[in-house]
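Here's the structure we're looking at; comments come further down.
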Amino acid sequence: MGLTLKDRSARGCLRSLGGDCWIDQEIGGCEFRDARLGDRFRKLLTQIGGAMGQRIPLVCQDWANTKAAYRFFSNDRISEADILAGHFQSTRDRAAAAEGLVLVLHDTTEFSYQRESSEAIGITKSINSGRDKAGRLRSHTVCGILMHSSLAVTTEGLPLG
Numbered sequence: 319m320g321l322t323l324k325d326r327s328a329r330g331c332l333r334s335l336g337g338d339c340w341i342d343q344e345i346g347g348c349e350f351r352d353a354r355l356g357d358r359f360r361k362l363l364t365q366i367g368g369a370m371g372q373r374i375p376l377v378c379q380d381w382a383n384t385k386a387a388y389r390f391f392s393n394d395r396i397s398e399a400d401i402l403a404g405h406f407q408s409t410r411d412r413a414a415a416a417e418g419l420v421l422v423l424h425d426t427t428e429f430s431y432q433r434e435s436s437e438a439i440g441i442t443k444s445i446n447s448g449r450d451k452a453g454r455l456r457s458h459t460v461c462g463i464l465m466h467s468s469l470a471v472t473t474e475g476l477p478l479g
């Protein structure tokens, strides 16, 4: 079951040369178990696209939309793979259509968080902290997550996804 996108008149949606909203093109490959989830996802992308980099409450403008956004992101019936499927398909399509080489640039970023319990988030590494007064080695654990991201670009620098 594919994503059904009904509302194509959303404000803040940039149109492509073909006249379709870029969001429609980018998430066309998404499949949610319920069409309403697809509609909510499209609305969220439109809102986020209109206020890039802002927090969810500011993006959503009111409590009802903010609550709906948080419900969407915490929904057990939605996975990261469901959300990213359309973008991955669109990136593959753009890379396949590109002439010449496609470069894939990689980066790993470490997000460190202070936690009482390392199980609350995960362990990224253990660091040697030197020696204590008695000469024993000391170490401390760094809690956090690692994010590995990739960006596909043409040799001219055109981002593909």
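Residue numbers for the sequence shown follow this note's numbering, so the first one is 319 and each next one is one higher.
Glycine included, every Cβ here is placed at the ideal spot set by N, Cα and C.
Reference PHE390; option with closest CA among ILE341, ILE374, GLU417
ILE374
Would you decide whether ALA452 is buried or exposed? Buried here means 16 or more other CB atoms lie within 10 Å of its CB.
exposed
Residues bridged to GLU428 by DSSP?
LEU464
Helix or strand or just coil, what does DSSP make of GLY444?
Strictly speaking, residue 444 in this sequence is Ser, with Gly absent from that position. Three-state result, SER444: strand.
Cα-Cα, which of ILE445, MET465, LEU469, ASP450 is closest to THR459?
ILE445
Three-state secondary structure (DSSP) of THR459
strand
Below 7 Å CB to CB, which residues in the same chain sit around GLU344 once its five sequence neighbours on both sides are set aside?
GLY404, HIS405, SER408
Straight-line CA distance for ARG449 to LEU423?
40 Å
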